[in-house]
Structure formats: C-alpha cells, structure tokens
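Data first, discussion second: the structure below is written as structure tokens.
In the working numbering, the protein residues as written are 645 to 767.
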C-alpha cells in the first residue's frame, strides 16, 4: 500500500493548494456494506468521492476509518505539512470586504424568514 501511495495509484487531490498530493482510500464507516470507499488527502485533510466507477463497488469498510491515519503513524515522514495557503476572493484585484459576506448572509436569512412567514415580495 505504501508503494501505491507513493505512485499515486489512488489518485491525486483536486485542490490547487495541495499540489497534486497523493490520495489514500478510507471508509466512512467500519460497518460492512454501508458506504463505498472514499479518498483521503493528507495535506488538506479532506475526503473526496472517487471519479472512477470501479471505486463505487468497493466497500469502504474494507479499508476502515483509520487506514490512512495508521499509515502515517508508522511512516510519519511521509505525512505532508498542512497547506497554509488559502484562496482569497478578489474583484479586479481588490479583496472582498468582510461586511459584504455578512450582508449576503443577512439577506439570505431575511428571505428565509419571509418564506417561513408566508410574506411575498409584492406585499
């Protein structure tokens, strides 16, 4: 399994700031026949659904919920450092102001409240 990880046989992380870090198989549950295998990125520490159809037939319990973590306990030198880079949204080179996100959230909450109360925009 170590050689497969080094070769990237299970795929590479799709995130830009992970720089094509190799993925490892992981199960979401240890109970058989519950969920198909997923892929774990050790750099962003996120789980992805495999693109390949053949992965959909592999039971995630076969690998278990702890396989990638045990592998990095044994081979700690292979665990990449977490990415400290974050994408910063910009418009024409300017960062978006934090209050803009707050205003969008408030507008969404207001619309949800109107739906719950049955208020239309025409009223």
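Even glycine gets a Cβ: it sits at the ideal position worked out from N, Cα and C.
Alpha carbon of residue i to alpha carbon of residue j, nearest angstrom
i, j, result
"residue 712", "residue 671", "10 angstroms"
"residue 664", "residue 690", "13 angstroms"
"residue 721", "residue 742", "38 angstroms"
"residue 654", "residue 697", "13 angstroms"
"residue 758", "residue 751", "11 angstroms"
"residue 658", "residue 652", "13 angstroms"
"residue 716", "residue 756", "44 angstroms"
"residue 731", "residue 650", "27 angstroms"
"residue 762", "residue 676", "45 angstroms"
"residue 748", "residue 656", "34 angstroms"
Cut-off 8 angstroms between Cβ atoms - residues of its own chain near residue i, not counting five sequence neighbours on either side
i, result
"residue 673", "679, 704, 705 and 709"
"residue 764", "758"
Residues near residue i in its chain [Cβ-Cβ closer than 6 angstroms; skip 5 each side]
i, result
"residue 740", "733"
"residue 753", "none"
Residues near residue i in its chain [Cβ-Cβ closer than 7 angstroms; skip 5 each side]
i, result
"residue 693", "682"
"residue 684", "667, 668, 670, 691 and 712"
Burial state of residue i (16 or more Cβ within 10 Å)
i, result
"residue 669", "buried"
"residue 719", "exposed"
"residue 667", "buried"
"residue 738", "exposed"
"residue 661", "exposed"
Next on the checklist: When you compare the region 727-734 with the region 693-703, are there three or more beta-carbon pairs, one atom per stretch, that lie closer than 8 angstroms?
Outcome noted: Contact fails: fewer than three Cβ-Cβ distances are below 8 angstroms.
Next on the checklist: Quick check on the DSSP output: what are the complete alpha helix (DSSP H) runs of length 4 or more inside the region 688-760, in order along the chain?
Outcome noted: Within the region 688-760, the complete alpha helix (DSSP H) runs of at least 4 residues are 711-718.
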